[in-house]
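K.L.:
There are 2 protein chains.
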Amino acid sequence: MTTYVGESIPRNDGYDKVTGCGKFTADIYLPHMLYAKAVRSPYAHAKVLSIDTSKAEALHGVKAIITWENTKHIPFNTSATMVTTNPPEEPIRDQYIVTNEPLYIGDEVAAVAATSEAIAEQAVKLIRVEYEELPAVYDPLEAIKPEAVTLHPEIGKTEVNNACGVVVHIDVFQGDLEEHFKNCDHVVETDIELPRVKQCQMETHGAVADYKNGRLDVWCTTQTPHPTKMILAYALDMPESKVHVQNPPYVGGGFGVRIGISGKAEIIAAALAVEAHAPVKFIYTRAEDMLCSDTRHGGYLHCRLGADKNGKFMAMDTTAWLNTGAYATFGIELLGVCGACGTQGTYYIPANRYTGYPVYTNQETAGAFRGFGTPQGTAIVEAAVDKMAQVLGMDPIELRHLNTRREENPLGFWPFPVGSIGVDECLDRAALAIGWKEKRGRKQSGNIRRGVGIACGTHVSNAAPFCVDYNAIVMRLEQDGSLFVSSGIPEIGPGSTTALMQVACDLVGVPFESATMQFGDTAAGPFDIGSHATRTLYTVGYVMSCAAKKLRADIFGFASKMMEVPAEELDLKDGIVFGGGKEMTIKKLAYQAHLRGHQFIASECQIPPNSLPWFAQAAEVEVDMELGLVKVLKVAAAHDVGQVVNPVLCESQVEGGVAQGVGYATREEMTYVEGKGFYNDGFHKYMLPTADDICEIETILVESRDPYGVYGIKGIGECGVNPTLPAILSAVEDATGVRFEACPLVPGRVLSGLKKAGLVK
Amino acid sequence: MTTYVGESIPRNDGYDKVTGCGKFTADIYLPHMLYAKAVRSPYAHAKVLSIDTSKAEALHGVKAIITWENTKHIPFNTSATMVTTNPPEEPIRDQYIVTNEPLYIGDEVAAVAATSEAIAEQAVKLIRVEYEELPAVYDPLEAIKPEAVTLHPEIGKTEVNNACGVVVHIDVFQGDLEEHFKNCDHVVETDIELPRVKQCQMETHGAVADYKNGRLDVWCTTQTPHPTKMILAYALDMPESKVHVQNPPYVGGGFGVRIGISGKAEIIAAALAVEAHAPVKFIYTRAEDMLCSDTRHGGYLHCRLGADKNGKFMAMDTTAWLNTGAYATFGIELLGVCGACGTQGTYYIPANRYTGYPVYTNQETAGAFRGFGTPQGTAIVEAAVDKMAQVLGMDPIELRHLNTRREENPLGFWPFPVGSIGVDECLDRAALAIGWKEKRGRKQSGNIRRGVGIACGTHVSNAAPFCVDYNAIVMRLEQDGSLFVSSGIPEIGPGSTTALMQVACDLVGVPFESATMQFGDTAAGPFDIGSHATRTLYTVGYVMSCAAKKLRADIFGFASKMMEVPAEELDLKDGIVFGGGKEMTIKKLAYQAHLRGHQFIASECQIPPNSLPWFAQAAEVEVDMELGLVKVLKVAAAHDVGQVVNPVLCESQVEGGVAQGVGYATREEMTYVEGKGFYNDGFHKYMLPTADDICEIETILVESRDPYGVYGIKGIGECGVNPTLPAILSAVEDATGVRFEACPLVPGRVLSGLKKAGLVK
């Protein structure tokens, strides 16, 4: 029985954000603070021959300039990647503070700190860089050709040119894959080409760095304060204990784009602060944010799926060639999740192979974005499943039910128990909400045609086994019994700290009103891998449950003496310790403990398990056959969240994800113009759906109660976006009869597809 | 064997302080910050009949005004007093945010927050307060008379009028005290009158408070962040978890004056911030600091000492009537320490009674100041011992040796083992350093006469059993093995955080260069009672030793698996784990642990023991008989510190204490002018010794190695000041033949004493 878990308690950062008094990185002002600007390469691939900074240095107000010449040459990875297989591997370290061989248009070759942004900007223009242009490659399928220029010869020879790694998952439980395919009655093949899309978080990347007395203090927009601390310490060759990273405390959205450092805001601000002996602020412009920080991985996927005559899947083979851009960042891990969650998780297939290539190109880097590979993997697999349903003449939902994973099915890559599986309930409830039975397969002939589609899938509730994933936490009662929780986890917008305090207060048994969480600060909270991977509530909740157990034991030990009741008979709920017919408030107990020299305190460090959250989304679309316009009317999003902690916050996560999925499927795309770079240097050139463009979203929360996590909770953060694109593609096919194999479904692409199919002239 | 303990490592706050980039409270600027000023009573005792704030409110820029009408009426104690006897008692709570019955000239009746200090000041002048003046009393001996006005009728009837309590220590081991006196061959009686003196810390009291979203953030000059958090939460009726108190991180000296809140800077800034919905800064002027915050307790002490014919002390009876001013603050605890350390600690006397009265008067409040009662107690007892030596015709050092405490002597009030006693060594080494044998008892007749004197004593290494005293701490290794220690302890100037990190690095076995301590912040560190009571290094070192044990066990458990060596065979020193013929760096181990989801972390909460530090100081003075000028030539200060951690820092503590002792004995005094208040509203009106006025100080560090504390450490912080005044009085007597029974020995008093003795005309 819980008091707070399950309640829509208003978010505790609401007041700060609504009144505008909540502090973000741009709000940080320090005495004598300087402002940074970067010198960025105009070439997609070039060698810096010389840099003349003399004119810039002479400019009044310029306090420091960094180039390749005066910065450390310790390669690092800007993401929080920490590949953990057995034995643990090191991340690919292929970036520098600033480079002498830029690999994309926008790559940093120098940076300036000056007394104002205007002066810094002027100084940037006064820096003369002489480049030698080098051959460039932009498409992953081009880049893997042996004759293509190799962008990172320093990371060693890889099997496939420019692939920064090859990720293979194989679940073949007997015989080999091709043998399984041979035994199939039906085999279908599908392709999909997916765009690069941008996170478009409201707050651009930013950092303020202050270095003095051997200690570096950084306020920034990162989603991962502790890993950011590690990256900065590594790249600057400092002890980690002397690098202090904190959110200020708020971050205006993340969606994955600042797992690790935020673009390069932190490291450049820090390097300039060291050089200038003064605090330095580096706030990315929207253009820098759009053009010089990670995107979602776009690229190509192919799937071959085989089934027996009843529709039982027997074999699947999927390959992904995704564009990781100029640097590896999360390339390996993301291609790993793409295969694991997107292709191996949802269905039990006796022989299932996945091969993923994260491919370097001379473009802006791709990294983490909500879903982290699962949207791509789900898109190709769900397309293949739809195609198989057509071949078999089966209802797509029926076919899915036939093949979805059961608890007892083996899952090769997964080192955890599978836990509860709510995917079938999600499918049925999403179908019901969209009106599947009435609407699917309507014969239509007019200009405006409607269709419904569905897609399902699974994801993770934390980053393991793809990344190191664990949390440490300190919980203590203050001297009046109020709960104080210290965690390194940040609040990047979802209301995680509210939901976490609901969990914490129920776990400890104290009132929510008097509890506080200190978050997003490496000095205040011990290690936490950060807010990403759908993990925040799930994993921090888990470690909280371990710490709360210790804390309660400490409380009951003391209370037992005060109350003269055996500790094992005591319980604590709503701030009252009771048992043996007696009770005492925690307020009184904590103060009595204080008078006797004791604070109730517990620290814990734990590797959480990982539970699979499940989902199915059904979409209804309307296609204008003449204009090629796809309008999404409704998405019914059913999500197995294990146990809802805060219904309003949970629904808002689903809604946000669906909105991004609608944009991904129908509108958004980073468009590359050779010689100029990406076209989309602002929201005015990037077709983010507005409130007007978003369809009705019906969120259905399924509670399968995970048997391993705390209170049955699973993750939700990334799930909303995962199946939206394939559900929409399926609905468009239902409306038009055309299966599109590339996104987004902008009018040009739709019209050309409809024409090709002979449906319009 | 230690690597860092014992070394004069340069203080880690040195760079910040020398370059001016270290941040203090006055350096804190927040957006939209307001500035506070207080309306202070011009009467020593009055009732506020009405306050008209209308004109002030109308002034442009005035944002909030607090008076008795719109503030909470929850009485509190501004000090960190938490009386702990068995059963625990509550502190005397006799103050309010602002008062409607001011009890001293300067007492706060209202406060203003405005957009500038100038406007706030102007607003203060526009507030019209109508008072009814009430009878006042200024001297403790007057105030205890039954006919004197009772200043705090609300705290209940006390045995003696205006005494906020009576503290009695009795150690009588058989029979009764008077019986023991009857058996004495010699009985002497002495009196002493001691002045109020001021801490004169460089940074005046100050606070910046920011209240929003139900949470209060306070940056301030307190020496005790966690107790300050408790006081603010209590007075503002908030949960403690929502009050965040931090030093910024530096504090410009404390000497006891800001144990608890800093004057009333924090509480007034906080109340105004709540009222104004904006951050408020309240920095005391030097005049406010001098006139409206705690002083050392002045007053009267009397001692009767009896000995047998051989000089063995048989009975002692001491009484103190000290002026605690308008409010109790630390009155009870300080009078307790005065008796315990000053009268009961140094000598073993079979029958020993002490009675202490902290007496309310209509003056600025007295509270904690380095030594906390021990200087007063030591002054009276050492004077009595000197007198006894004269009566017996014995050398004062010989007489002291005969009576100093031995480990086996019972000590009634002391709940801890006595530990090591280095007082005899201190006496001998101080005597040797001052040239006792050659110089004591010189017959002189000229105008300039020299003399030497000596005094000895003991103190505490923490606040127990007079106050609650304990520490919690969190120690963790970062992912590169660097040590990060979180403590609520502040750095108020002595270099405590440097010395503590020397201890921590030796305890854990890691390099000092890579270790960091987070201090003075209630959000970053768990409960710590603060930096006072000579306790910082001793008690935090102690709890560190407990945490380090846990941390090392955690490390060895992991290392055992990695290195395949049983945990019990492993050791860690200088960053290397070794044993069983193998070794591995802690850097590598911590990173491997990280990759496996583990951070080495330990939290601890412990009540430290309390060890008695010992000391003897010998002074040489020169008295100009014509001018009445006492010049201190040298103080040889021998201190039993158990074990020196950082010799330079340790010596600087002794030197600072001696300087304050020289001022106390010869120059400093707060002078009260009836109807006007204290005369000393700045350093120009307060005779603090300058560098020119300070004598040669020879510091002798005696290492008796406490068997109970970590590394044998005892406290040192307060000890330097404790015996200086009686040593100087003794030296002046040696020079002139006159025993002065009042201080400071300013020319007027000296001349009048010499005249009274017929030595000058």
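The listed protein sequences correspond, in order, to chains A and B. The numbers in this note's numbering rise by one with no breaks, and the one at position 255 of the first sequence is 255. The numbers in this note's numbering rise by one with no breaks, and the one at position 299 of the second sequence is 299. Cβ coordinates follow ideal geometry from the N, Cα and C atoms, glycine included.
1. Taking Cβ positions only, does R215 of chain B come closer than 9 Å to chain A?
2. For the stretch 499 to 532 of chain A, which residues have a CB atom closer than 7 Å to at least one CB atom of chain B, in sequence order?
3. For the alpha helix (DSSP H) that I231 of chain B lies in, which residues bound it at each end?
4. Provide the residue span of the alpha helix (DSSP H) that contains G541 of chain A, from first to last.
5. Determine the burial state of Y284 of chain A: buried for a count of at least 16 other Cβ atoms within 10 Å of its Cβ, exposed for fewer.
6. Does the beta-carbon of A619 of chain A, which I'm using as the reference point, lie nearer than 8 Å to any heavy atom of the ligand ADP?
7. Would you kindly work out how many angstroms separate the C-alpha atoms of S514 of chain B and A235 of chain B, rounded to a whole number?
8. Who are the Cβ neighbours of V39 of chain B in its own chain at under 6 Å, not counting the five residues just before and after it?
9. If you pair each beta-carbon of the stretch 195 to 202 of chain B with each one of the stretch 499 to 514 of chain B, do three or more pairs fall below 8 Å?
10. Starting from R476 of chain A, find everything on chain B with Cβ-Cβ shorter than 7 Å and list it in chain order.
11. Answer with buried or exposed for F600 of chain B, where buried requires no fewer than 16 other C-beta atoms within 10 angstroms of its C-beta.
12. Closest by CA to A26 of chain B, which one among B:A163, B:T53, B:Y250, B:Y711?
13. What does DSSP give as the partner residue(s) for H244 of chain A in the beta ladder?
14. Whether or not the stretch 213 to 220 of chain A and the stretch 242 to 262 of chain A are in contact is what I'm after, with contact meaning three or more pairs of Cβ atoms, one per stretch, closer than 8 Å; do they touch?
15. Quick one: grab the DSSP three-state call for I448 of chain A.
16. Which class does A46 of chain A belong to by DSSP, given the choice of helix, strand or coil?
17. Grab the span of the alpha helix (DSSP H) containing T736 of chain B for me, first residue to last.
18. So T82 of chain A contacts chain B; which residues on that side make the cut at Cβ distance below 8 Å?
19. Using beta carbons (cut-off 9 Å, strictly below), is M821 of chain B in contact with chain A?
20. Does C220 of chain B have its Cβ less than 9 Å from a Cβ in chain A?
21. Threshold first: 4 residues or longer. Then list the alpha helix (DSSP H) segments lying entirely within the stretch 664 to 748 of chain B, N to C.
22. If the cut-off is 7 Å on Cβ atoms, which residues from the stretch 236 to 250 of chain B count as contacting chain A, listed in chain order?
23. Below 7 Å CB to CB, which residues in the same chain sit around A233 of chain B once its five sequence neighbours on both sides are set aside?
24. If you measure from the beta carbon of Y29 of chain A to each beta carbon in chain B, is any gap under 9 Å?
25. When you compare only the Cα positions, how much space is there between Q777 of chain A and G256 of chain A?
26. Identify which residue in B:G252, B:D574, B:F282, B:V166 has its Cα closest to the Cα of M1 of chain B.
27. In chain B, which residues lie less than 9 Å from I607 of chain A when you measure between Cβ atoms?
28. The beta strand (DSSP E) with M517 of chain B in it runs from where to where?
29. Please confirm whether I601 of chain B has its beta-carbon closer than 9 Å to some beta-carbon of chain A.
30. Report the residue from B:E669, B:E101, B:G206, B:W68 whose alpha carbon sits nearest the alpha carbon of N362 of chain B.
31. Could you check how far apart the C-beta atoms of H459 of chain A and N722 of chain A are, in whole angstroms? I think they sit under 8 Å.
32. Between which two residues does the alpha helix (DSSP H) holding A430 of chain B run?
33. What's the call for H447 of chain B, buried or exposed, on a 16-neighbour Cβ count within 10 Å?
34. With a floor of 3 residues, list each beta strand (DSSP E) that falls wholly inside the stretch 150 to 180 of chain B, ordered by position along the chain.
35. Of all the alpha helix (DSSP H) runs that stay within the bounds of the stretch 319 to 364 of chain B, which reach a length of 4 or more residues?
36. Report the three-state DSSP secondary structure of H186 of chain B (helix, strand or coil).
P.N.:
This is what the structure holds:
1. Start at 1 with the first residue of the second sequence, and residue 215 of chain B comes out as number 215. Interface residue, yes.
2. S514, A515, T516, Q518, A523, A524, P526, F527
3. Along the second sequence, read from residue 1 onward, the residue named residue 231 of chain B stands at position 231. First-last of the alpha helix (DSSP H) with I231 of chain B: 225 to 236.
4. Counting from one through the first sequence, the residue named residue 541 of chain A turns up at place 541. Here the alpha helix (DSSP H) through G541 of chain A covers 541 to 563.
5. Along the first sequence, read from residue 1 onward, the residue named residue 284 of chain A stands at position 284. Buried, because 16 or more other Cβ atoms sit within 10 Å of the Cβ of Y284 of chain A.
6. Of the ligands one can find in the structure shown there are none, so the ligand ADP has no counterpart to examine.
7. Looking up residue 514 of chain B in the second sequence gives position 514. Looking up residue 235 of chain B in the second sequence gives position 235. Near 41 Å, if we compare the C-alpha coordinates of A235 of chain B and S514 of chain B.
8. Within the second sequence, the letter at position 39 stands for residue 39 of chain B. Excluding residues within five positions, the ones whose Cβ falls inside 6 Å are V109, A110, V124, I127.
9. no
10. Translated into the one-based positions of the first sequence, residue 476 of chain A becomes position 476. Those within 7 Å of R476 of chain A in chain B are P526.
11. In the second sequence, residue 600 of chain B corresponds to position 600, counting from 1. Buried, since its Cβ has 16 or more Cβ neighbours within 10 Å.
12. In the second sequence, residue 26 of chain B corresponds to position 26, counting from 1. Considering only alpha carbons, the answer is B:Y250.
13. One-based indexing of the first sequence puts residue 244 of chain A at position 244. Per DSSP, A:D217.
14. yes
15. The count along the first sequence starts at 1 and reaches residue 448 of chain A at position 448. Strand.
16. Sequence index remark: in the first sequence, residue 46 of chain A carries index 46 (1-based). Note: A46 of chain A maps to strand in three-state DSSP.
17. Position 736 of the second sequence holds residue 736 of chain B. Segment 724 to 736, the alpha helix (DSSP H) holding T736 of chain B.
18. Walking along the first sequence from the start, residue 82 of chain A turns up at place 82. One point to set straight first is that residue 82 of chain A is Met, not Thr, in the sequence displayed. By Cβ distance, chain B contributes H594, L595.
19. What the structure shows of chain B is the stretch from 1 to 761, and residue 821 of chain B is not part of that stretch, so it cannot be assessed.
20. Residue mapping note: residue 220 of chain B aligns to position 220 of the second sequence, counting from 1. Closer than 9 Å: no.
21. 724 to 736
22. P239, E240, S241, K242
23. Counting from one through the second sequence, the residue named residue 233 of chain B turns up at place 233. If we look at A233 of chain B and ignore the five residues flanking it on each side, its Cβ neighbours are P239, E240, V243.
24. Translated into positions along the first sequence, residue 29 of chain A becomes position 29. With 9 Å as the cut-off, Y29 of chain A counts as an interface residue toward chain B.
25. Outside the shown range of chain A, which is 1 to 761, sits residue 777 of chain A, and nothing can be said about it.
26. Here residue 1 of chain B corresponds to residue number 1 of the second sequence, with the count starting at 1. Taking only the C-alpha atoms, the option nearest M1 of chain B is B:D574.
27. As a first step, residue 607 of chain A is located in the first sequence; it is residue number 607 there, counting from the start. Under the 9 Å cutoff, chain B gives R596, G597, H598.
28. As a position in the second sequence, residue 517 of chain B is number 517, starting the count at 1. Counting along the chain, the beta strand (DSSP E) containing M517 of chain B begins and ends at 516 to 518.
29. On the second sequence, position 601 is the one that residue 601 of chain B refers to. Taking Cβ atoms only, chain A reaches closer than 9 Å to I601 of chain B, which makes this a yes.
30. What you label residue 362 of chain B is simply residue 362 of the second sequence in a count that begins at 1. Cα-wise, what sits closest to N362 of chain B is B:E101.
31. On the first sequence, position 459 is the one that residue 459 of chain A refers to. On the first sequence, position 722 is the one that residue 722 of chain A refers to. Between N722 of chain A and H459 of chain A the Cβ distance is about 6 Å, and since that is below 8 Å, they are a contact.
32. Within the second sequence, residue 430 of chain B is the residue found at index 430, counting from 1. 423 to 434 is the extent of the alpha helix (DSSP H) around A430 of chain B.
33. Residue mapping note: residue 447 of chain B aligns to position 447 of the second sequence, counting from 1. Looking at the sequence provided, one finds Asn at residue 447 of chain B rather than His. That one is exposed.
34. 167 to 172
35. 331 to 337
36. Numbered from 1 along the second sequence, position 186 holds the residue referred to as residue 186 of chain B. Of the three classes helix, strand and coil, the one that applies to H186 of chain B here is strand, per DSSP.
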